[in-house]
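Working notes, beginning with the structure itself.
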Amino acid sequence: MAPIRDNPRASVGDRASTALTGDALCEPRVVIIGGGITGLSAAFELASRQVPFTLCEASNRAGGLILTDRVDGFTIEAGPDSVLAQKPAALELCEALGLTPKVIATRQPRTAYVLRAGRLHALPSPSVLGVPTTLAGIASYDLLPWSARLRLAGEPLVRRAAPDDESVASFFRARFGAATVGLVAQPLLGGIHAGDVEQLSMRSLFPRFADAESRHGSVLRAFRRQRSRPDGLFRSLSGGMDELVRAIERRLPRGSVRVGAAVSQLAWAGDRWVVTTGPDHLRARAVILALPAPAAARLLDPLDPVAAALCREVPYVSTASVAMAWRREDVPHPLDGSGFVVARSHNPLRITACTWVSSKWEGRAPAGTVLLRVFIGGSHDPEAVSLPENQLVETAWRDTSAVLGMSVPPLFARVYRWPDAGAQHTVGQRARVAGIERRLAVHAGLFVAGSGFRSVGIPDCVADGRAAGAAAAHFATMNISPR
22 MAPIRDNPRA SVGDRASTAL TGDALCEPRV VIIGGGITGL SAAFELASRQ
72 VPFTLCEASN RAGGLILTDR VDGFTIEAGP DSVLAQKPAA LELCEALGLT
122 PKVIATRQPR TAYVLRAGRL HALPSPSVLG VPTTLAGIAS YDLLPWSARL
172 RLAGEPLVRR AAPDDESVAS FFRARFGAAT VGLVAQPLLG GIHAGDVEQL
222 SMRSLFPRFA DAESRHGSVL RAFRRQRSRP DGLFRSLSGG MDELVRAIER
272 RLPRGSVRVG AAVSQLAWAG DRWVVTTGPD HLRARAVILA LPAPAAARLL
322 DPLDPVAAAL CREVPYVSTA SVAMAWRRED VPHPLDGSGF VVARSHNPLR
372 ITACTWVSSK WEGRAPAGTV LLRVFIGGSH DPEAVSLPEN QLVETAWRDT
422 SAVLGMSVPP LFARVYRWPD AGAQHTVGQR ARVAGIERRL AVHAGLFVAG
472 SGFRSVGIPD CVADGRAAGA AAAHFATMNI SPR
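Shown next, in the form of structure tokens:
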């Protein structure tokens, strides 16, 4: 087997970031703490409004979870591989950055599968997050036993007073029947967030489902009225998702982004916020915390212990992914779709999902080869992220080959680890965030944004970051004292 390189976060993206580092203003109007897509979106908004700012990122590159690796003609996403087209903020940002010609849709066929008891079951079309929306689709849904299909077909007859917030599992049991929790909700909806559907919030993560019930009295009835998109739900960029990060960076003023600049303290002094990073003290009228919730909590502790405690209530999970490539003739399966998720309660495999990258996206692998991306870890397997590289690769190879039939090792493998990187919007998330925002309202000029709070996915993070940037710009240019 070719050499295996672990998560190359230190080597990807540095060239673009270092071009932006340098002496930032000692007294910018706004300081952004955190250089993921939320912080970068806030920076883009501030730059568009010509408001001076400094962005401080603790790691050696901007972009956060968006990380693209390029190996021998293969384009590998270490983090998210797409944005949801139904949420416009990310695509609108792409348009503003001149990236629209590079936006691509998923390839046909777009079939996704669920692995149950060693067999791949295709999701019927049309369906929404694994739930068929037509009677014909329900009848042919061989992932579910007939009794479960009959229960699912009766969903429009279910009448209940929906709670303000509940778990994904509770929602699925009530509306679609108990069998759908382990076979549909956990592998698909839980898999998206590497979480436990018994804990994840339906209202926070999948509001379209909850809204369909409250507005129409039936999820199936509501979605039958909606026309599916002929070009699919997801979009990516032809050269990789990090093109979005690089394009934002090119629009920011030179010296406005500091990488390798961990912030150790946030304090109020006189009439300004003071942000301490290394030996530097940046004074600003407004501060945006575009950080994971636990990191925000550490900075908020001296300012507002209650807000900090609420931030610490947001749980995070760790995941790992393994990218592997084969010659096409060495993979017996036709790879006729986008990949599969694993119904854990019905399989002995350790992996949670496998994306058929070269089938899903154009231009991700050289001709005559295939690229697969395998996922391990999450709330049900927290130790996986700490496994040795060779064990992660062996697990990914063994489990994937058991499904797809490969008998030879991959051409190469790359391991990517994301410890404590996945925010879990569990039941009560909206109330927690509302409590944090109420507490911070008394600290004028202090804003929070990102996936640890209200945002779910890249489009939400973009919208949240730009909204925080707009609010900070408005505050920082007002001719008043912050307190």
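Sequential numbering of the sequence shown, starting at 22, is according to the numbering used here.
The beta-carbon is built from N, C-alpha and C at its ideal position, and this holds for glycine as well.
From a predicted model like this one, the values you see are computed outputs, not experimental measurements.
From the listed residues S222, P122 and A174, the smallest Cα separation to P336 is found for S222. For Y134, DSSP records a beta bridge to A143 and F361. Taken atom to atom, the span from the alpha-carbon of L241 to that of R170 is near 13 Å. The three-state secondary structure of F227, taken from DSSP, is coil. A Cβ-Cβ distance of about 7 Å is found for the pair L150 and F227, placing them in contact under the 8 Å criterion. Within the segment 282–346, the runs of alpha helix (DSSP H) at least 4 residues long that lie entirely inside it are, in chain order, 314–321 and 326–333. In the structure shown, T75 adopts extended strand secondary structure according to DSSP, grouped into three states.
Using a Cβ distance threshold of 8 Å, A314 and A444 count as a contacting pair.
Closest in alpha carbon position to P431, among V463, G466, Y437 and T390, is T390. G443 carries a strand assignment under DSSP once its states are collapsed to helix, strand and coil. Sequence-distant Cβ neighbours of V218 in its own chain, meaning closer than 8 Å and more than five residues away, are S188, V189, A190, F193, V202, A206, Q207, L210 and G211. Fewer than three Cβ pairs drawn from the segment 299–312 and the segment 333–351 lie within less than 8 Å of each other, which leaves the two stretches out of contact. Cβ neighbours of A492 within its own chain (closer than 7 Å, five residues either side excluded): F468. Beta-bridge pairing by DSSP links D90 to I97.
Secondary structure of F244 (DSSP, three-state): helix. Unbroken beta strand (DSSP E) stretches of 3 residues or longer found wholly inside the segment 362–426: 374–377 and 390–398, given in chain order. DSSP, read as helix, strand or coil, puts L156 in helix.
If you compare the alpha carbons of P409, P122, A126 and S428 with that of W347, the shortest gap goes to S428. Here Y134 has L141, H142, A143, L144, G358, G360, F361 and V362 as same chain residues with Cβ atoms under 8 Å from its own Cβ, once five neighbours each way along the sequence are excluded.
Linking V424 to L370 through their CA atoms gives a straight-line distance of about 10 Å.
In this structure, DSSP gives A489 a helical state, which the three-state scheme calls helix. Per DSSP, A206 lies in no beta strand (DSSP E) and is assigned neither H nor E. DSSP, reduced to helix, strand and coil, places R70 outside both helices and strands of the structure shown, so it counts as coil. F197: member of the alpha helix (DSSP H) spanning V189 to F197, first to last residue. According to the DSSP assignment, L356 belongs to no alpha helix (DSSP H), since it is labelled neither H nor E.
With three or more CB-CB distances shorter than 8 Å, the segment 315–335 counts as touching the segment 284–301. One alpha carbon belongs to E270, the other to T447, and they sit about 33 Å apart.
Around the beta carbon of P300, fewer than 16 other beta carbons sit within 10 angstroms, so the residue counts as exposed. For T376 against R365, the beta-carbon gap comes to about 17 Å, at or over 8 Å, which does not count as contact. Nearest C-alpha to H214 among R487, I479 and Q129: I479. Contact annotation, S225 with Q450: C-beta distance approximately 4 Å; criterion of less than 8 Å satisfied. Taking C-beta separations shorter than 8 Å and ignoring five residues to either side along the sequence, the partners of N368 in its chain run L136, R137, A138 and G139, following chain order.
Take V327, set aside five residues on each side of it, and the residues of its chain with a beta-carbon closer than 6 Å to its own are R460, in chain order. If you ignore the 5 residues before and after R128, its C-beta comes within less than 8 Å of the C-beta of S380, K381, W382 and E383, all in its own chain and listed in chain order.
Looking from the CA of G291, the closest CA among A305, N411, E264 and G281 belongs to A305.
Straight-line spacing of the CA atoms in V278 and S407 works out to 31 Å.
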